[in-house]
Every structure is written in C-alpha cells, then in structure tokens.
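Participant: One structure is given below, represented as structure tokens, and several questions about it will come after.
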Amino acid sequence: MEVLAHDIVIVGAGIAGLRAAIAAAETNKKIDVAVISKVYSVRSHSVCAQGGTAAVMREGDSHDLHAWDTVKGADFLSDQDVVEFFVERSPKELVTLEHWGCPWSRTPEGKMDQRPFGGHSFPRACFAADMTGLVEMHTLHGRAIVQKNITFYDEWFITSIIIEDNVVKGLTAIDLKTGEMHAFRGKAIIMATGGYARIYEFTTFSHTSTGDGMTIVYRAGVPLKDMEFVQFHPTGLVPPGILITGGARGEGGYLINAEGKRFMKHYAPEKMELAPRDIVARAETTELQGGRGLEGPYGPYIGLDLRHLGEDKINERLPLIRDVAIKLGGVDPVDEPIPIKPAAHYSMGGIHANVKTETSASGLYATGECACLSAHGANRLGTNSTAGCLVFGTVAGEEAAKHALSSTFRELSKDAIMAEESRVFDGILGSEGDERVPVIRDEMRRLMKEKAWVYRTGDELESALKEIRGLKKRFRNVRVEDKGRSFNTGLVEALQLDFTLDLAEVTVTCALDRTESRGAHSRLDHTKRDDENWLKHILAYYSKNGPRLEYIPVTVTKWPPTKRAY
Ligand SMILES: Cc1cc2nc3c(=O)[nH]c(=O)nc-3n(C[C@H](O)[C@H](O)[C@H](O)COP(=O)(O)OP(=O)(O)OC[C@H]3O[C@@H](n4cnc5c(N)ncnc54)[C@H](O)[C@@H]3O)c2cc1C
Numbered sequence: 016m017e018v019l020a021h022d023i024v025i026v027g028a029g030i031a032g033l034r035a036a037i038a039a040a041e042t043n044k045k046i047d048v049a050v051i052s053k054v055y056s057v058r059s060h061s062v063c064a065q066g067g068t069a070a071v072m073r074e075g076d077s078h079d080l081h082a083w084d085t086v087k088g089a090d091f092l093s094d095q096d097v098v099e100f101f102v103e104r105s106p107k108e109l110v111t112l113e114h115w116g117c118p119w120s121r122t123p124e125g126k127m128d129q130r131p132f133g134g135h136s137f138p139r140a141c142f143a144a145d146m147t148g149l150v151e152m153h154t155l156h157g158r159a160i161v162q163k164n165i166t167f168y169d170e171w172f173i174t175s176i177i178i179e180d181n182v183v184k185g186l187t188a189i190d191l192k193t194g195e196m197h198a199f200r201g202k203a204i205i206m207a208t209g210g211y212a213r214i215y216e217f218t219t220f221s222h223t224s225t226g227d228g229m230t231i232v233y234r235a236g237v238p239l240k241d242m243e244f245v246q247f248h249p250t251g252l253v254p255p256g257i258l259i260t261g262g263a264r265g266e267g268g269y270l271i272n273a274e275g276k277r278f279m280k281h282y283a284p285e286k287m288e289l290a291p292r293d294i295v296a297r298a299e300t301t302e303l304q305g306g307r308g309l310e311g312p313y314g315p316y317i318g319l320d321l322r323h324l325g326e327d328k329i330n331e332r333l334p335l336i337r338d339v340a341i342k343l344g345g346v347d348p349v350d351e352p353i354p355i356k357p358a359a360h361y362s363m364g365g366i367h368a369n370v371k372t373e374t375s376a377s378g379l380y381a382t383g384e385c386a387c388l389s390a391h392g393a394n395r396l397g398t399n400s401t402a403g404c405l406v407f408g409t410v411a412g413e414e415a416a417k418h419a420l421s422s423t424f425r426e427l428s429k430d431a432i433m434a435e436e437s438r439v440f441d442g443i444l445g446s447e448g449d450e451r452v453p454v455i456r457d458e459m460r461r462l463m464k465e466k467a468w469v470y471r472t473g474d475e476l477e478s479a480l481k482e483i484r485g486l487k488k489r490f491r492n493v494r495v496e497d498k499g500r501s502f503n504t505g506l507v508e509a510l511q512l513d514f515t516l517d518l519a520e521v522t523v524t525c526a527l528d529r530t531e532s533r534g535a536h537s538r539l540d541h542t543k544r545d546d547e548n549w550l551k552h553i554l555a556y557y558s559k560n561g562p563r564l565e566y567i568p569v570t571v572t573k574w575p576p577t578k579r580a581y
C-alpha cells in the first residue's frame, strides 16, 4: 500500500469541496491541497441544484431580514450567531463567482437577477435559469483546476478516517481504477461529502448521495447532530422523484388537488405555495391522505400548474424543468400540470461543527451538506444550501490552511491501515454469504419511506429501528458477486449500503427521541413544538449498541422563538 501525503486533504468535490480547495490553495501557494471524489468532480450532486442561491443584493432587503427568514424557516432551531455570519458573507461569495465568470440570469439592465423563493420575504435567489448548480460548479471547477497546488483524485473512494487521541492523521481510500487501497496523510482534513437522502426510496438525490463521510467520522468518534431533521421537498416529479425546482413556484406556479383547487390557502393563507418546504410538504401529504390527490398510474399525486405562465416564460426561466417533465414525467407543463409529491431532499443534520467548520477532532473540518453548523435548524430554506456551501466552503479552506501551516504530518499506524484493508477486502469483498446488496438496500429505503417520512409516530419509529437493526445483521452476511478489483461497482455499492444503514439508524433513533414537532420533524403523537424541553440539539455518538445521545443548547442572539405562521 502506498502512503500519499498532502498538507490538506479535502474529501468531496461538490460546491463546498471545490470552494474550500480554492480558498486553501489561494491562501498560500506553498500549501499542497488534494481533492478526493468518488465520481468525476463535476458529477457531484451539486450540479443538480436548480433554483438559485440566496444573498442580500438589493436595497429593500437586509441581512437582518435574511437572517430572520432563515431562523423562522428553521423553526428556531438554528444557532443564530451562525446564521448572522452566513447571511453577511453570502453576497461576497456571489460577487466572487461573478468575477470568476459565472453566467447568471440577468435583468434587462445587466444586473444579476433574483427570483422569489419559499420562506424568503424578499426575492433574493440569484440564479442561472434552472441550472444554477451546474453553472456554479463549472465556474468553481474552472478556477480550481488552474491552481498548481491542487491535485485531483477523481474516482477514488474513501473508506475510513484515522483519528487518534482526538487528532486527525489521515484516511484510507480505494483508487477505483486499480482497486488498490492507499493511505493519505494530511495535516488537516476537510469533509465535504454531501447529503444522505438516498436512505429513502423516493428522493431527488443522486445515487451517489449516501452520506459516506458522515458515517466514516461518526464511527471514528465524532458526533452527528440534528439527524432527525430530513427535508421533504414538495415537488418531486412522479414517478422518478427528480426535483422540480421550488423556482417553478417562485416564478408563479400553483399547486392544485383533484378538485383543481389551490389548497395551500388552507395551510399558509399568506405565503401560499411560497411557504417553507416543511409546511407545503405536510399540506400535500394531508391532501393526498384525505383522498384529494389526482389519480395516476403511480398512485395519487398533486398537480404543479405552470400553464398560466405561458410557453415563453417557461422556456426562458424553466427550460430544464420543461424538458424533464416531458421526458420523465410524460407531460408538457405548457399544456398540463406536472405530477408531483413530496420527496426526500436534504439533510439538515450532519457532522457536528462550529461556525469555523471545526469538529471535535483537531485538524478535522466539515462543510457543505455533510456538516451541521446549525444554520438551517429544523428546516432549511430553499437556496440557502448552495449559499452555505460557498460561505462555509471558504471558511473551511481558510481554517484548514491556517491549521496546516502551523502543524506537522503525523505517522499513521500500520495496524489501523491493515485492519481497514482486511475489513473491506476480506470482510466485505471476500464474504461468501447469501444476502444481496440491492435487496437489503430496497428494504431499508422502503421502510424509511413507510415509517420515518413526513408524518411520524413513536410506534412506527420503534418498528423502523428494529427493522434497521435486523438489516444491519443481515448485511454481515452480504455477498458481492464481482470479486475483481478494477472499477468494482458492486463493492462500492456494498460499502455505501453499510454507511447508509448506520445513518438510517441514527435518523430514526433521534426522531424517536425528539418528542415534539418542529420544522421537518412532525410527530402525530407529539403535535406541538415544545420549546421548554426541546429547544436543543441532539448529538449522536457511535457505540457498538447503537447511537448514544447527548444534548447541547441552541444559540439565540436576537430572535427568541415565537409562533411560526405564514
Ligand atoms: C436536485 C437538487 C436540487 C437542488 N437545488 C438547490 C438549489 O437550487 N439551491 C440550493 O441552495 N440548494 C439546492 N439543493 C441542495 C444543494 O444542491 C446541496 O445541498 C449541495 O449542492 C451539496 O453540496 P456539497 O458540496 O455539500 O456536496 P455534493 O455536491 O453532494 O458533493 C459530495 C462530494 O463528496 C464526494 N464523496 C462522497 N462520498 C465519498 C467517498 N466515500 N469517497 C470519495 N468522495 C466521496 C462525492 O464524489 C462528491 O464530490 C439541491 C439539491 C438537489 C438534490
């Protein structure tokens, strides 16, 4: 096994990872940065971001207003110091991308245009038609690849991290082309491995979004935070689950039930379709459960009606949406409502980190969707994620650079590396058991959809937890058919399933523990928000017998919790 060394090792090449790499590399040209990604960088899920990126750019808007919208949207579980930092830094990030050549949609005078978005009380989503993530990623990638001090390891899969005495030392990764495992030493390591909504059956997420980085650090002793909060996006296309951007409602789209009625007037009379996602997803679920869904070959659905926008506006502002609706939903939105329903979309929870992206292990940073800095609380507002990836990607890069400049490489223990090689190649690849990865994976995704979805109950969560633990046992007996080394996608799928099973267990354990309803976590047996007992974050620590939970307070600066109505 070869041991490679870079001052800073970044895992993940989405918006957060690339932004961190540029920030670190530009801080000091002598810093040697590695970016590892299991897929070619511009295939990271970030390219799928559609609707926009939030920032205060105009008169009439303000940092306080953006912060307030975010805190209220988050059902008061955000740490408000983090939110204030985030909204202040976001405009600068967008202007930086503008200077790097990002092709934004523009107003007739040539300024960066902004569109309305759910939960925001000012049109503050900067966008590029409905392909915002794609253009941001290409802008960042173009900037990153010209830096001489960044080395890309595309199609390398990390399997473990080495933390000893609470100091991060390195990690192990498989070069997927050769199938060989290598070790990396790093003075600082940044996790930017994205979300894990692939624990669900009906999701907007890429197949690669399996939360590997979260499980890897969790198993190494770093806690995960607020994992009960999974966001369900109101407009997942039926049948594939592909996202129809919130920008479609931002441009004026309606949601209608089988009676052709705009039912949101009963749930959020003021904001209607532009209420935050948790509220709209619950409204849709209530309509569907009440028998008011439209009937289709894949079961009842809600209609997203764009017809009144007209063909020209749809083509200019939502060209991708029209294409996807025609090709994968079988309808042209110019003529018919698009069939949609709630889909698992985002993880508010993740690796516990502070506003500097520092984790509990020295030298280990977490940023982007895999991290929980507590900006998004119990429910993230649309367009705040890509903004957060830019702001806290930069912070992670700068902080890791500072750390790397003042520390030295550490020796990696041979035993730890050999144990990991044996776990992966003898334990998982070498197993001759009779269980199959797709079977266990489908069961996990089905049960998460049935028992830990938009509405939850204690009984169903208990039963989900039992089933997940059963699946974890069965996983030990899994067999990967392909025993080869080069591009062994069967082995990668098995490793990813192993990671997601832990995340499903943590999600359900925390959801069971939180006996209140807040943001995206809605308990039918505890329907009220309970600030007296639950204005706190749940930390989940790994233990052999399942997650061990601890609690930390929420930071309130200017906005004490009040009633949340739209
Ligand atoms: C369809 C869709 C549309 C969205 N639209 C918007 C929007 O309009 N506005 C908004 O603000 N947010 C949006 N979001 C959310 C936002 O896009 C994501 O939260 C954000 O892009 C995540 O970026 P990231 O850099 O954290 O991770 P990702 O872009 O998910 O990248 C993760 C990286 O980690 C790497 N990785 C993971 N595991 C491993 C491993 N084991 N070994 C090596 N590498 C690994 C991957 O290869 C990848 O490079 C959308 C999300 C989706 C799914």
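In my numbering, the protein residues as written are 16 to 581.
Backbone N, C-alpha and C fix where the C-beta goes; we use that ideal spot for every residue, glycine too.
Which partner residues does residue 199 have in the DSSP bridge list?
Facilitator: 19, 186
Participant: Counting pairs of beta carbons, one from the segment 471–478 and one from the segment 509–519, are three or more of them closer than 8 Å?
Facilitator: Cβ pair count under 8 Å is below three, so no.
Participant: Would residue 312 be called buried (16 or more neighbouring beta carbons within 10 Å of its own) or exposed?
Facilitator: exposed
Participant: Indicate whether residue 486 and residue 444 have their beta-carbon atoms separated by less than 8 Å.
Facilitator: no
Participant: Quick check on the burial criterion: 16 or more other C-beta atoms within 10 angstroms. Buried or exposed for residue 316?
Facilitator: buried
Participant: Buried or exposed for residue 498, going by 16 or more other Cβ atoms inside 10 Å?
Facilitator: exposed
Participant: What did DSSP end up calling residue 229 once you bin it into helix, strand or coil?
Facilitator: helix
Participant: If we ignore side chains and look at the alpha-carbon of each, how far apart do residue 107 and residue 101 end up?
Facilitator: 11 Å
Participant: Which whole-angstrom value describes the C-beta separation of residue 249 and residue 296, a residue pair presumed to lie in contact below a C-beta threshold of 8 Å?
Facilitator: Residue 249 to residue 296, Cβ: 5 Å. Contact.
Participant: Could you give the DSSP three-state label for residue 141: helix, strand or coil?
Facilitator: strand
Participant: How long is the line joining the alpha carbons of residue 530 and residue 541, rounded to whole angstroms?
Facilitator: Near 6 Å, if we compare the C-alpha coordinates of residue 541 and residue 530.
Participant: Ends of the beta strand (DSSP E) at residue 483?
Facilitator: No beta strand (DSSP E) contains residue 483, which is instead part of the alpha helix (DSSP H) from 473–490.
Participant: Less than 8 Å between C-beta atoms, sequence neighbours within five positions excluded: which residues of the same chain meet that for residue 132?
Facilitator: 66, 67, 69, 138, 139, 140, 261, 262, 265, 289, 396, 397, 398
Participant: Exposed or buried, which one is residue 433 when buried takes at least 16 other CB atoms within 10 Å?
Facilitator: exposed
Participant: Can you give me the C-alpha to C-alpha distance between residue 126 and residue 215, rounded to a whole angstrom?
Facilitator: 40 Å
Participant: Can you say whether residue 146 is buried or exposed, counting buried as having 16 or more other CB atoms within 10 angstroms of its CB?
Facilitator: buried
Participant: Quick check: the Cα distance between residue 200 and residue 160, rounded to an integer number of angstroms?
Facilitator: 22 Å
Participant: Counting only beta-carbon separations shorter than 8 Å, does residue 560 have a partner in chain D?
Facilitator: Chain labels in this structure do not include chain D; a single protein chain is all it has.
Participant: Can you give, in chain order, each stretch of the alpha helix (DSSP H) that sits fully within the segment 33–88 and has at least 4 residues?
Facilitator: 78–88
Participant: Check whether the segment 22–36 and the segment 427–442 are in contact - that is, three or more C-beta pairs closer than 8 Å.
Facilitator: With the cut-off at 8 Å, the segment 22–36 and the segment 427–442 do not touch.
Participant: Taking the continuous beta strand (DSSP E) assigned at residue 249, which residues delimit it?
Facilitator: 245–252 is the span of the beta strand (DSSP E), which, as asked, contains residue 249.
Participant: Going by C-alpha to C-alpha distance, which of 330, 427, 86, 563 sits closest to residue 18?
Facilitator: The alpha carbon of residue 18 has as its nearest neighbour, out of 330, 427, 86, 563, the alpha carbon of 427.
Participant: If we ignore side chains and look at the alpha-carbon of each, how far apart do residue 555 and residue 480 end up?
Facilitator: Taking the straight line joining both Cα atoms gives about 15 Å.
Participant: Please classify residue 575 as buried or exposed, where buried requires at least 16 neighbouring CB atoms within 10 angstroms.
Facilitator: exposed
Participant: For ligand 1, is there any heavy atom lying closer than 7 Å to the beta carbon of residue 186?
Facilitator: Result no, Cβ not under 7 Å from ligand 1.
Participant: So, helix, strand or coil for residue 258, using DSSP?
Facilitator: strand
Participant: Leaving out five residues on either side along the sequence, give the residues of the same chain with a beta carbon under 8 Å from the beta carbon of residue 272.
Facilitator: 278, 302, 307, 308, 309, 317, 318
Participant: How would you write the range of the alpha helix (DSSP H) that residue 502 sits in, first residue to last?
Facilitator: Premise fails: residue 502 is in no alpha helix (DSSP H) and is neither H nor E.
Participant: Is any heavy atom in ligand 1 found nearer than 7 Å to the beta carbon of residue 64?
Facilitator: Ligand 1 has a heavy atom closer than 7 Å to the beta-carbon of residue 64.
Participant: Return the chain-ordered ranges of every beta strand (DSSP E) run that is complete within the segment 320–408 and spans a minimum of 3 residues.
Facilitator: 353–362, 365–367, 379–381
Participant: Pick helix, strand or coil for residue 536, following the three-state DSSP scheme.
Facilitator: strand
Participant: Thinking residue 603 and residue 81 are a contact (beta carbons under 8 Å), I'd like their distance in whole angstroms, please.
Facilitator: Summary: the structure shown does not reach residue 603, with the chain confined to residues 16 through 581, and so no result is reported for it.
Participant: Can you round the beta-carbon distance between residue 416 and residue 165 to whole angstroms, since I take them to be within the 8 Å contact cut?
Facilitator: Between residue 165 and residue 416 the Cβ distance is about 12 Å, and since that is not below 8 Å, they are no contact.
Participant: In whole angstroms, what is the alpha-carbon distance linking residue 171 and residue 327?
Facilitator: 43 Å
Participant: Counting along the chain, where does the beta strand (DSSP E) carrying residue 100 start and finish?
Facilitator: Careful: residue 100 lies outside any beta strand (DSSP E), inside the alpha helix (DSSP H) at 95–114.
Participant: Does ligand 1 have even one heavy atom less than 7 Å from the beta-carbon of residue 60?
Facilitator: yes
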